[in-house]
Every structure is written in structure tokens, then in C-alpha cells.
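Down below is the structure, laid out as C-alpha cells.
Protein chains: 2
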Amino acid sequence: MAASADRIGQIVDDYIRLVGSGTADEIVALYAADATVEDPVGSDVRTGHAAIREFYAGLEGLEKETRLITSRIAGGEVVFHFEIITRAGDKTYTLSPIDAMTFDDSGVITTMRAFWGDGDMVIS
Amino acid sequence: MAASADRIGQIVDDYIRLVGSGTADEIVALYAADATVEDPVGSDVRTGHAAIREFYAGLEGLEKETRLITSRIAGGEVVFHFEIITRAGDKTYTLSPIDAMTFDDSGVITTMRAFWGDGDMVIS
């Protein structure tokens with residue numbers, strides 16, 4: 001049985017909150033042990049908790065906030081548009097990817113693919 | 001070589017314009033001969049021009065308009081959020097899916113997957 005829409009919505013909310021203010025370990029706990037992350041789509045795929053932790057560890061310690069713009073859940077999968085705003089010095093970096101996620105029966109993320117390109121980063 | 005970002009952006013523009021005011025044949029011409037359409041995600045996958053034409057033929061003759069909300073192109077693929085507004089009698093049906101598309105080297109669509117659920121249709 002696929003993860004329920006309610007469960008998927010909860011994971012998306014948790015994911016966006018934790019990318020904004022959580023630790024890499026907390027984010028990794030949302031993923032299956034053999035999950036894959038492709039961020040951005042077209043880059044090397046990271047497989048498993050250690051590689052995924054390394055990816056999110058790069059975000060730790062940055063001053064940032066996140067918010068969900070919109071999501072669509074269908075067939076046990078989700079795509080969602082969200083925004084991550086990072087401040088460094090006197091600059092603000094705003095990136096708003098559309099992420100696609102799949103899940104296993106127990107309700108953890110099995111694949112995450114983030115769609116964004118260089119042109120989607122706004123610096124102000 | 002994957003389809004270029006420019007070419008993909010052009011296909012998305014054409015697709016949204018033709019879903020709004022084109023014929024099923026014009027839309028089908030954007031697809032590869034053995035392309036697949038899963039709309040919504042989780043429903044039966046339609047394979048090939050005949051099955052895809054049948055799907056879009058159901059939209060012909062409806063009074064409707066479409067607009068692109070936002071798109072993200074990465075790694076030769078695209079996800080895009082758009083809106084389709086259909087009027088029937090005194091009712092307006094607004095659906096805003098997020099579609100995911102892949103392409104072949106010649107720049108035609110090989111897969112289309114539309115993410116939306118019943119809760120994403122607004123009737124006014």
C-alpha cells in the first residue's frame with residue numbers, strides 16, 4: 001500500500017520545516033536507508049543516508065528560512081514548489097525549486113529530485 | 001544529447017497554448033510515437049499517439065483557457081505548474097496541475113505525468 005496523502009503532506013511539511021531550521025540528521029531520518037537524492041536534476045545522484053547527510057550538512061549553520069508555495073499529491077507521490085531564502089552578509093539568496101518525491105509503504109522518502117536551474121536563483 | 005532548455009521551454013509554451021485552444025492532433029504532434037501520458041499520476045498510463053489523441057479529444061470543444069504559472073527545467077526534463085479554466089453553463093472549473101515531462105533527443109515529449117487530485121479542482 002502506498003503512503004497516504006495525509007502522510008505525504010505531513011512529510012512535506014516536516015521536510016520544509018527541517019530544511020529551514022533542522023539538522024542534517026533530522027532531515028536524513030525522513031529518508032529510507034537506500035534512498036536517492038538528485039539535487040538539482042541532472043547532477044550526480046546521491047544514494048543512502050551517509051551521502052544524503054553530507055548533502056544537507058552543507059546547509060547547517062546557514063541563516064535561512066523556508067516556506068511551501070504549493071504541492072500536488074497523486075498516486076502516492078508528490079511534487080511541491082517551495083522557497084528557501086538564505087542570508088549571507090548583506091545578500092539574500094532566494095531559490096524556489098519544484099521537488100518530486102516518492103515514498104515506500106512505511107512512509108519514508110525513497111527518491112527526491114529537485115528541479116531548478118541557475119536562472120532560478122535570485123540574489124538581492 | 002538531451003533537448004535544450006530553450007527547446008523545452010518552447011514545447012511547454014506550445015503545449016499550454018494548444019491545450020487551451022488547439023486540436024487533439026496538434027497536441028499529439030508534440031509527443032513521440034511511443035510516448036506515455038499518466039494524467040492524473042496513479043491512473044492508467046496511455047501509450048502511443050492513438051491513446052493520447054483520445055485523451056485530448058475529450059477536451060476539444062470545451063470553452064477553456066490556460067496559463068503557465070511557473071516552470072523549472074533541469075537535466076533535460078521539466079516540471080511546470082499551470083492552470084486550466086473551463087466554463088460549462090454557469091460554472092467555472094479551475095484546475096492547476098503540476099506536470100512533469102521528459103523528452104527525446106529530437107525535442108518531442110516522451111513522458112507526461114500530471115500531478116493533481118480531486119481536491120485541486122475549484123468550482124465557482
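Keeping their order, the protein sequence lines are chains B and C. Each residue of the first sequence is one higher than the last, beginning at 1 in UniProt numbering. Each residue of the second sequence is one higher than the last, beginning at 1 in UniProt numbering. Cβ coordinates follow ideal geometry from the N, Cα and C atoms, glycine included.
Taking residue i as the query, report the chain A residues whose CB atoms sit under 9 Å from its CB, ordered along the chain.
i       : result
C/Gly76 : Reference to chain A is not applicable here, since the protein chains of this structure are B and C.
Taking the CB atoms as reference points, tell me whether residue i and residue j lie closer together than 8 Å.
i        : j        : result
C/Val37  : C/Ile27  : no
B/Gly107 : B/Ala35  : no
B/Leu76  : B/Phe103 : Strictly speaking, residue 76 of chain B in this sequence is Gly, with Leu absent from that position. It is a contact, given that the beta carbons lie within the stated cut-off.
C/Ile73  : C/Ala5   : yes
B/Ala50  : B/Val79  : no
B/Leu62  : B/Val19  : no
B/Ala16  : B/Thr66  : The displayed chain sequence assigns Ile, not Ala, to residue 16 of chain B. Yes, Cβ-Cβ distance for B/Ile16 and B/Thr66 is below 8 Å.
Here's a check: name, in chain order, each residue in its chain whose Cβ is nearer than 8 Å to the Cβ of residue i, leaving out the five neighbours to either side.
i       : result
C/Ile57 : Note that residue 57 of chain C corresponds to Ala in the displayed sequence, not to Ile. Ala24, listed in sequence order.
B/Tyr93 : Ile85, Thr86, Arg87, Met121, Val122 and Ile123
B/Glu14 : Glu is not the amino acid found at residue 14 of chain B; the sequence shown has Asp there. Leu30.
With a threshold of 16 other CB atoms inside 10 Å of the CB of residue i, please say whether the residue is buried or exposed.
i        : result
C/Arg113 : buried
C/Ser21  : exposed
B/Asp39  : buried
Spatial neighbours of residue i within its chain, please: CB distance less than 7 Å, with the 5 preceding and 5 following residues excluded, ordered by chain position.
i        : result
B/Lys91  : Ile123
B/Ser96  : Ile69, His81, Phe82, Glu83 and Asp120
B/Thr110 : Ala32, Ala35, Thr102, Phe103 and Asp104
C/Arg46  : Thr36, Val37, Ile52 and Phe55
B/Val41  : Arg113, Ala114 and Phe115
Going by beta carbon distance, what residues of the same chain come within less than 6 Å of residue i, once the five residues before and after it are set aside?
i       : result
B/Asp44 : none
Practice prompt. Using a Cβ-Cβ cut-off of less than 7 Å, list which residues of the region 109-122 of chain C approach chain B; keep chain order.
Written response: Phe115, Trp116, Gly117 and Asp120
- Item | Where the region 78-112 of chain B meets chain C: residues whose CB sits under 7 Å from a CB there | Val79, His81, Pro97, Ile98 and Ala100
### Task
Examine the Cβ distances between the region 4-12 of chain C and the region 95-115 of chain B and report whether three or more of them are shorter than 8 Å.
no
Item to complete: Closer than 8 Å, Cβ to Cβ, to anything on chain B: give me those residues from the region 63-74 of chain C, in chain order.
Response: Thr70, Arg72, Ile73 and Ala74
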